[in-house]
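Student: Mapping the sequence shown onto the working numbering, position 457 (from 1) lands on 453, and the numbers just tick up by one.
Heads up, the beta-carbon is just placed ideally off N, CA and C, and yes, glycines get one too.
Structure below; questions to follow.
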Amino acid sequence: MATKKTPAARAEELRSRLHHHDYCYYILNRPEISDAEYDRLFNQLRELEAAHPELIIPDSPTQRVGGAIAEGFASVQHRVPMLSLDNAYTAGEIREFEARLQRALPGEIFTYVCEPKVDGLGVALLYERGRLVRGATRGDGRLGEDITQNLKTVRTIPLRLRGPLADLDVLEVRGEVFMAHEAFQTLNRTLEAEGEEPFANPRNAAAGSLRQKDSGITAKRPLDIFIYAVTDAEPNPFTAHWDAMQALGKAGFKINPRSRRCADIQAAIAACAELEQDRMRLGYDADGVVVKVDSLDQERRLGSTTHHPRWAVAYKFPAQQATTVIRQILVNVGRTGALTPSALLDPVEIAGATISRATLHNADEIERLDVREGDTVIVERAGDVIPHILRVVTEKRPPDARPFVFPATCPVCGSAAFRPEGEVVSRCANSACPARLKEGLLHYGSRRAMDIEHLGEAVVEQLVDRELVRTFADLYGLGVTQLAELERLAEKSATNLHAAIQASKGRGLAPLLFALGIRYVGENVARILAAEFGSMERLSHATEEQLAAVHGIGPRIAASVALFFQQPENRRLIAALREAGVKMEDEASAGPKPLLGKTFVLTGALTQMSRDEAKAAIQRQGGRVTSSISKQTDYVVVGKDPGSKAEEAKRLGTPILDEAGFQALLRRA
Ligand code: IVH
């Protein structure tokens, strides 16, 4: 960036970059830069405008709270604007915060509450007489989006309050929706298994899940929330923020157990330091600590500027970044053929962990960052997630560093890589590619697929490298003697592996479909297809239209399945599997289908069978099980300690079956 730009030109450049990043962040939910980097640009603009007030224009990003409203959800005017927080980066700046309080309310004493600043999405929840009536996103701070249906799926959001707060005419609370690290990793593994793009970080995963048009998908996402404020209560029973939070906890809200009440600013600073120490152990992303004045009377009298409240400040943790050098850029090939680049780094310590590898996501990301082998880069570690590269320190670039050329061919098998239009990922097109085959075999044998015990990485590696296995079907031709010749496989294990391979022939159609690794066909989709078509033969002849007509099968899945069966090598594979004796019929599809077209929702515990067994029994007879009640629901099966679904069914007039009624229906059917 040229240094000698006029202030006006520099301001315009910053504005347009910030507008762009607002759009990526707020509208697309796909930030291209870290929050720290965004804050840096924003502060530059704020400083520039402070020095040259004539440059401030009404649409400067500094003149509003956030971005625009996305299409699709009804817009909601916030009763109280959702402002952002002023930042502090040092203990000194936290003390300055108190000095500002003292100037505003001379002679008064302040006590504080310190809470983790969870890095998720702010939402407003409105309760009327103890019932959740509306939930909205922050939006631009004044207008948010009505995502009530989606928020209702978040387990930690109470739909109905307990105790005295349930009697309030109005109660509006604010909280942060987020995804914990463990849940995030599990979700990404599932998405990858289903051929979907994984999320880059927990915040994106939470954002993408909350803004789903289909709340059924949101319901499957492990979202969580911490409530951090009461913004309205009629009548208002609260005098201190801390007490209000404790009362919310009793009313059924999830409040943060790491919050601390602090008698003075020194204690607040200590609480910030303690949370900073623990940040990697919280289990979710937190980017700072919010220090709030405890007295709600003082809070009211302090009020807010147009940008942020005067009664709170966000102490931001120092970025978890380090500078290091890229030794090599590697491109790996996954089961779906996806070519994924990563950077091998000179090992460097960030927040107590040694980092030697960073993800580069895809070719676009490499181009955007313009990373090259030999470059000095700034690496950031966010939570438990794989570290990523923030930017290149171009001043330190070796003169001979060359732009990285993303391979046009697969680095393992050398065949052409292709990048479908509109996608960011390049893929190896060769379904027999050894790298794809290895990953594919591991998936084929995994527990939820064909469940072949002992088919681990070391075995797969050798089977492919020795060219004993070129397709899944070759597994079934392997003899015990052949297996026993593999390194590190004793005779006994060879016998066991052989038996496990043979046993997998009988798993049935649904596990087989999942095992084949057809794009977008996860476990659930495989089950739907198996139940609907009953045999590989029928499924393979289904047209794209017939596939798309099946409930639960969208156009993208339909196209992918149809394409799979059109490809000659896949047809050959299926024929070879059949030849080897692999069962290609759906167990469940044998027999009559009296529940065909009926949709069930299960809630509460059954005594005679587990929920999975109940689900399987319904599916065997042609019925479907969904997770949320809608107009399409035919029956709600209510067991012991049912959730709110039982009430919802009553309200909607959906027929309710108790366990005995359900058993009777299954028998009759
Ligand atoms: S209090 C009037 N407390 O941070 C402002 N905010 O930058 C009230 N956040 O939009 C904010 N944890 O989404 C508050 N314990 C906490 C928070 C928190 C996360 C988010 C919130 C807000 C943003 C402000």
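Could you compute how far the alpha carbon of E391 sits from the alpha carbon of P314?
Tutor: In the sequence shown, the residue the question calls residue 391 occupies position 395. In the sequence shown, the residue the question calls residue 314 occupies position 318. When rounded, the distance between both Cα atoms is 24 Å.
Student: According to the neighbour-count rule (16 or more other Cβ atoms, all chains shown, within 10 Å of its Cβ), is Q563 buried or exposed?
Tutor: Position 567 of the sequence shown holds residue 563. Label assigned to Q563: exposed.
Student: Applying the 10 Å Cβ sphere with the 16-neighbour rule, what's the burial state of K209?
Tutor: As a position in the sequence shown, residue 209 is number 213, starting the count at 1. By the 10 Å Cβ count, K209 comes out exposed.
Student: Assign R663 to buried or exposed, taking buried as 16 or more other Cβ atoms, counted over all protein chains shown, within 10 Å of its Cβ.
Tutor: Taking the first residue of the sequence shown as position 1, residue 663 is located at position 667. Under this definition R663 is an exposed residue.
Student: Among A318, R296 and Q317, which one has its Cα closest to the Cα of A308?
Tutor: For this step, residue 308 is matched to residue 312 along the sequence shown. Of the listed residues, the one whose Cα sits closest to A308 is R296.
Student: Flag R75 as yes when its Cβ comes closer than 7 Å to any non-hydrogen atom of ligand 1, and as no otherwise.
Tutor: Counting from one through the sequence shown, the residue named residue 75 turns up at place 79. Not so, every heavy atom of ligand 1 lies at least 7 Å from the Cβ.
Student: Does DSSP put L30 in a helix, in a strand, or in coil?
Tutor: Here residue 30 refers to the residue found at position 34 of the sequence shown. Per the sequence shown, residue 30 should be read as Ser rather than Leu. S30 falls in the coil class under three-state DSSP.
Student: What is the DSSP secondary structure of F561, counted as helix, strand or coil?
Tutor: To locate residue 561, count along the sequence shown from 1; it is residue 565. Reduced to three states, the DSSP call for F561 is helix.
Student: Give the C-beta separation of V287 and I90 to the nearest angstrom, bearing in mind that I take them to be a contact with Cβ-Cβ under 8 Å.
Tutor: Residue mapping note: residue 287 aligns to position 291 of the sequence shown, counting from 1. Residue mapping note: residue 90 aligns to position 94 of the sequence shown, counting from 1. Confirmed, Cβ separation roughly 6 Å.
Student: Assuming R331 and E190 make a contact with CB atoms under 8 Å, what is their CB distance in whole Å?
Tutor: On the sequence shown, position 335 is the one that residue 331 refers to. On the sequence shown, position 194 is the one that residue 190 refers to. Actually they do not touch by this definition, with Cβ atoms about 12 Å apart.
Student: Measure from the alpha carbon of F529 to the alpha carbon of each residue in M580, A571 and S489, then state which is nearest.
Tutor: Mapped onto the sequence shown, residue 529 falls at position 533. The candidate whose alpha carbon is nearest that of F529 is M580.
Student: At a cut-off of 7 Å, is E168 close to ligand 1 when judged by its beta-carbon and the heavy atoms of the ligand?
Tutor: The residue given as residue 168 occupies position 172 in the sequence shown. Flag unset: Cβ of E168 not near ligand 1.
Student: Please work out which residues of its chain come closer than 7 Å, Cβ to Cβ, to I29, disregarding the five sequence neighbours upstream and downstream, and give them in chain order.
Tutor: Here residue 29 refers to the residue found at position 33 of the sequence shown. Here the set comprises H17.
Student: Quick check on the burial criterion: 16 or more other C-beta atoms within 10 angstroms. Buried or exposed for G63?
Tutor: Looking up residue 63 in the sequence shown gives position 67. Note that G63 scores 27 on pLDDT, short of 50, meaning its location in the model is unreliable; the coordinates nonetheless yield the value given after this. Buried, since its Cβ has 16 or more Cβ neighbours within 10 Å.
Student: Evaluate contact between the region 152 to 159 and the region 175 to 182, counting only Cβ atoms and requiring at least three cross-stretch pairs below 8 Å.
Tutor: No, the region 152 to 159 does not touch the region 175 to 182.
Student: Provide the residue span of the alpha helix (DSSP H) that contains G436, from first to last.
Tutor: By 1-based counting over the sequence shown, the position of residue 436 is 440. Where G436 is concerned, the enclosing alpha helix (DSSP H) stretches over P430 to Y440.
Student: Is the distance from the Cβ of P399 to the Cβ of R368 below 8 Å?
Tutor: Taking the sequence shown and counting its residues from 1, the one referred to as residue 399 is at position 403. Taking the sequence shown and counting its residues from 1, the one referred to as residue 368 is at position 372. Going by C-beta atoms, P399 is nearer than 8 Å to R368.
Student: Under 8 Å, do V321 and C110 count as touching if we go by C-beta distance?
Tutor: Residue numbering aside, residue 321 sits at position 325 when the sequence shown is read from its first letter. Residue numbering aside, residue 110 sits at position 114 when the sequence shown is read from its first letter. Cβ distance not < 8 Å, so V321 and C110 don't count as in contact.
Student: Under three-state DSSP, which class holds C406?
Tutor: For the purposes of this step, residue 406 is taken as the residue at position 410 of the sequence shown. Note: C406 maps to coil in three-state DSSP.
Student: Any idea which residues DSSP pairs S71 with across the strands?
Tutor: For the purposes of this step, residue 71 is identified with residue 75 of the sequence shown, where counting begins at 1. Bridge partners of S71: E141.
Student: Taking the alpha carbon of R256 as the reference point, which residue from A267, P198, D35 and V546 has its own alpha carbon closest?
Tutor: Within the sequence shown, the letter at position 260 stands for residue 256. It is A267.
Student: Measure the C-alpha to C-alpha separation of K646 and L147 and round it to an integer number of angstroms.
Tutor: Numbered from 1 along the sequence shown, position 650 holds the residue referred to as residue 646. Numbered from 1 along the sequence shown, position 151 holds the residue referred to as residue 147. Going from the Cα of K646 to the Cα of L147 covers about 21 Å.
Student: From D360 to N39, what distance separates their C-alpha atoms?
Tutor: The residue you call residue 360 lines up with position 364 of the sequence shown. The residue you call residue 39 lines up with position 43 of the sequence shown. For D360 and N39, the distance between alpha carbons rounds to 28 Å.
Student: What's the gap between the Cα of A4 and the Cα of G137?
Tutor: Looking up residue 4 in the sequence shown gives position 8. Looking up residue 137 in the sequence shown gives position 141. Cα to Cα, A4 sits roughly 28 Å from G137.
Student: Among all the DSSP beta bridges, which residues are the ones paired with I251?
Tutor: For the purposes of this step, residue 251 is taken as the residue at position 255 of the sequence shown. Answer is I223.
Student: I need the residues with a C-beta less than 5 Å from some heavy atom of ligand 1; please give them in chain order.
Tutor: After applying the 5 Å Cβ criterion, the set is L79, S80, L81, E111, K113, V114, G118, E172, Y224, V286 and P305.
Student: The alpha helix (DSSP H) spanning T477 covers which residue range?
Tutor: As a working note, residue 477 is residue 481 in the sequence shown. It spans V476 to A480 - the alpha helix (DSSP H) in which T477 sits, taken as one unbroken run.
Student: With a cut-off of 8 Å on the beta carbons, I'd call F414 and S427 a contact; round off their distance for me.
Tutor: Here residue 414 refers to the residue found at position 418 when the sequence shown is read from its first residue. Here residue 427 refers to the residue found at position 431 when the sequence shown is read from its first residue. F414 to S427, Cβ: 13 Å. No contact.
Student: What do you get for N252, buried or exposed, if any count of 16 or more other CB atoms within 10 angstroms of its CB means buried?
Tutor: For the purposes of this step, residue 252 is taken as residue 256 along the sequence shown, with counting starting at 1. Buried is the call here.
Student: State yes or no: is the C-beta of I382 within less than 8 Å of the C-beta of T319?
Tutor: The count along the sequence shown starts at 1 and reaches residue 382 at position 386. The count along the sequence shown starts at 1 and reaches residue 319 at position 323. Against a cut-off of 8 Å, the Cβ pair of T319 and I382 comes out as no contact.
Student: Can you check which of these residues, R432, D637 and S536, is closest to L598 by C-alpha distance?
Tutor: If you number the sequence shown from 1, residue 598 lands on position 602. Of the listed residues, the one whose Cα sits closest to L598 is D637.
Student: Find the nearest neighbour of L139 within the set V76, G126, E192 and P160, judged by alpha-carbon distance.
Tutor: As a working note, residue 139 is residue 143 in the sequence shown. Answer by Cα proximity: V76.
Student: Assuming the contact rule is C-beta atoms closer than 8 Å, I497 and Y472 should be a hit. Round their C-beta distance to whole Å, please.
Tutor: Your numbering for residue 497 matches position 501 in the sequence shown. Your numbering for residue 472 matches position 476 in the sequence shown. Confirmed, Cβ separation roughly 6 Å.
Student: Take R11 and list the residues in its own chain whose beta-carbon comes closer than 7 Å to its own, dropping the five residues that flank it on each side.
Tutor: Here residue 11 refers to the residue found at position 15 when the sequence shown is read from its first residue. L41, S56 and P57.
Student: Between the beta-carbon of T595 and the beta-carbon of R620, is there less than 8 Å?
Tutor: For this step, residue 595 is matched to residue 599 along the sequence shown. For this step, residue 620 is matched to residue 624 along the sequence shown. Cβ atoms of T595 and R620: closer than 8 Å.
Student: Which residues mark the beginning and the end of the beta strand (DSSP E) in which F596 is found?
Tutor: On the sequence shown, residue 596 is found 600 positions in, with the first residue counted as 1. Residues T595 to T599.
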